[in-house]
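Q: The sequence shown begins at 831 in this note's numbering and counts up one residue at a time. Quick one: structure below, then a few questions.
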Amino acid sequence: MDRILTVTGLTKLSVAPDTIVLWMNTQYKNEDYDEAMRLSAEGTETLRAALEAAGFDGADLKTADFNISPEYEGRQDTVTGAYSRRFIGYCACHRMKITFPAENALLGKALAAVMSSGAAPEFGINYTVKDTESVKNELIKRAVADSRKKAEILAEAAGVRLGPIASINYSWSSLELVSNRMSMDAVPLMAAKTAAPAMNIEPEDIDVSDTVTVIWSIG
């Protein structure tokens, strides 16, 4: 029977965010399906044009999710107590995002553009890291190094010789390098229709961790 030593390496990193993701959600309601779709498309193009006027690339405004669904109003008969639903129209919901470098000046311009567009979307901000692959690779290297260090200590304590690696188990899951989302109220920013609001946001570093399980031969 092969003699093995299984050790899980763990590593953590704090990464400074360098990218902003500005999320925008629009909702357009109408009794007519085609009209709800038209209003949504018009609102999207209005947002795109406003961002382009502020110096952003309109092609960077991406759709994250879109759906249009019927809406109903619940009613209860005051005499019989019977409950019924009445169709009131369609709601076209469009979730969009635009990504740009994490600079307060750019954020101020983007927010001013969104507010001046008249589309009045709900919106929020995420801070993230552009090069997630480099962060992922660094985590893996450190996790493997941590596994080796632990294996060497265990082997020495047990009085055995640490041999070559027999196998490595690693889950190639996607790395979520995203800060907590910040929601912002559109009302106080409506004054920013002609100028970028002054932004002074210093986001916290993003804490990430990963594990690698290494199986070592021992002699």
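All residues carry an ideal CB built from backbone N, CA and C; glycine is no exception.
1) Do you know offhand how far ILE1045's Cα is from LEU969's?
2) Could you tell me the boundaries of the beta strand (DSSP E) in which THR929 lies?
3) Where does TYR1000 sit, in a helix, a strand or coil, going by DSSP?
4) Who are the Cβ neighbours of ALA781 in its own chain at under 6 Å, not counting the five residues just before and after it?
5) For the alpha helix (DSSP H) holding ASN934, just list the boundary residues, first then last.
6) Within 10 Å of its beta-carbon, does PHE886 have 16 or more other beta-carbons around it, so buried, or fewer, so exposed?
7) Is it the case that the Cβ atoms of GLY1049 and VAL990 are separated by a distance below 8 Å?
8) Cα-Cα, which of TYR913, ALA883, SER977, TYR920 is closest to SER997?
9) Whole angstroms is fine: what's the gap from LYS939's alpha carbon to THR910's?
10) Quick check: the Cα distance between PHE917 and TYR902, rounded to an integer number of angstroms?
11) Under 7 Å Cβ to Cβ from SER914, same chain only, skipping five residues before and after it: list those, please.
12) According to DSSP, PRO900 sits in a beta bridge with which residue or residues?
13) So which of TYR920, ARG925, PRO1033 has the shortest CA-CA distance to VAL959?
14) Count the other CB atoms within 10 Å of the CB of ARG1030; is the residue buried (16 or more) or exposed (fewer)?
15) In angstroms with no decimal places, state the Cα-to-Cα distance between TYR1000 and SER947.
A: With the structure as the only source:
1) For the pair ILE1045 and LEU969, the Cα-to-Cα distance works out to about 18 Å.
2) Per DSSP, the unbroken beta strand (DSSP E) holding THR929 starts and ends at 913-931.
3) In the structure shown, TYR1000 sits in coil (DSSP, three-state: anything other than H, G, I, E or B).
4) The structure shown does not extend to residue 781, since the chain is modelled only from 831 to 1049, so the question has no answer here.
5) Unbroken alpha helix (DSSP H) run through ASN934: 934-946.
6) The Cβ neighbour count for PHE886, taken over all protein chains shown within 10 Å, is at least 16; the residue is labelled buried.
7) Taking 8 Å as the Cβ cut-off, GLY1049 and VAL990 qualify as a contacting pair.
8) Looking from the CA of SER997, the closest CA among TYR913, ALA883, SER977, TYR920 belongs to SER977.
9) Going by the C-alpha atoms only, they are around 56 Å apart.
10) Cα to Cα, the separation comes out at about 4 Å.
11) Exclusion of the five residues before and after SER914 leaves ARG905 as the residues of its chain whose Cβ lies within less than 7 Å of its Cβ.
12) Looking at the DSSP assignment, PRO900 forms a beta bridge with TYR920.
13) The option with the nearest alpha carbon to VAL959 is PRO1033.
14) The amino acid at residue 1030 is misidentified as Arg; the sequence shows Asn. Under the 10 Å beta carbon count, ASN1030 is surrounded by fewer than 16 other beta carbons and is classified as exposed.
15) TYR1000 and SER947 have their C-alpha atoms spaced approximately 47 Å apart.
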